[in-house]
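Colleague:
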């Protein structure tokens, strides 16, 4: 087992974007030698299942083992969701992570910048309930595929 995992859920209508049906949270294994998991990215989807937004979360939202962007950014190039279940969804998410890799890495660094320099384990900024989503961006599957075709 790779240690990668994901889950999908939807918040109440008043708590989500107008076009959002719900979102996936994608996790990578926690720090080397440690326990737990690290939230890599959230992917919001519309009612057709198309990605419409990428976002990061503050540590308290998913109770993750926080890792800086520099430590996890390269993982977007080789996600390991294939062993997760259900397999067809895992494969789809794995490919979305690779397709949106530049956006995800940029969001991870924006997350770190928003949280501030010198942040480390136990920092109270990780528990600030006023800060749920440190970074986010709208995305378009069609635009990402055009970008890929032009590369």
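Numbering (the working numbering), first residue to last: 83 to 233. We treat Cβ as the ideally placed atom computed from N, Cα and C, and that holds for glycine.
Determine the burial state of residue 117: buried for a count of at least 16 other Cβ atoms within 10 Å of its Cβ, exposed for fewer.
Modeller: Walking along the chain shown from the start, residue 117 turns up at place 35. Exposed, by the Cβ-count rule.
Colleague: Rounded to the nearest angstrom, how far is the Cβ of residue 138 from that of residue 175, given a contact under 8 Å?
Modeller: Counting from 1 along the chain shown, the entry for residue 138 is found at position 56. Counting from 1 along the chain shown, the entry for residue 175 is found at position 93. In fact, because the Cβ distance is near 16 Å, the residues do not count as touching under 8 Å.
Colleague: Going by the beta-carbon positions, is the gap between residue 134 and residue 187 smaller than 8 Å?
Modeller: Here residue 134 corresponds to residue number 52 of the chain shown, with the count starting at 1. Here residue 187 corresponds to residue number 105 of the chain shown, with the count starting at 1. No, the Cβ-Cβ distance between residue 134 and residue 187 is not below 8 Å.
Colleague: Hey, how far is the Cα of residue 86 from the Cα of residue 168?
Modeller: Locating residue 86 in the chain shown gives position 4, counting from the first residue. Locating residue 168 in the chain shown gives position 86, counting from the first residue. The alpha-carbon atoms of residue 86 and residue 168 are separated by roughly 13 Å.
Colleague: List in chain order: all unbroken beta strand (DSSP E) runs of 3+ residues lying wholly within the segment 127 to 190.
Modeller: Here the runs fully enclosed are 133 to 137.
Colleague: Over the uninterrupted beta strand (DSSP E) stretch that includes residue 87, give me the two end residues.
Modeller: Along the chain shown, one-based indexing puts residue 87 at 5. Residue 87 -> beta strand (DSSP E) spans 87 to 91.
Colleague: Just curious, the beta strand (DSSP E) that residue 220 is in, first and last residue?
Modeller: In the chain shown, counting from the first residue as 1, residue 220 sits at position 138. First-last of the beta strand (DSSP E) with residue 220: 218 to 220.
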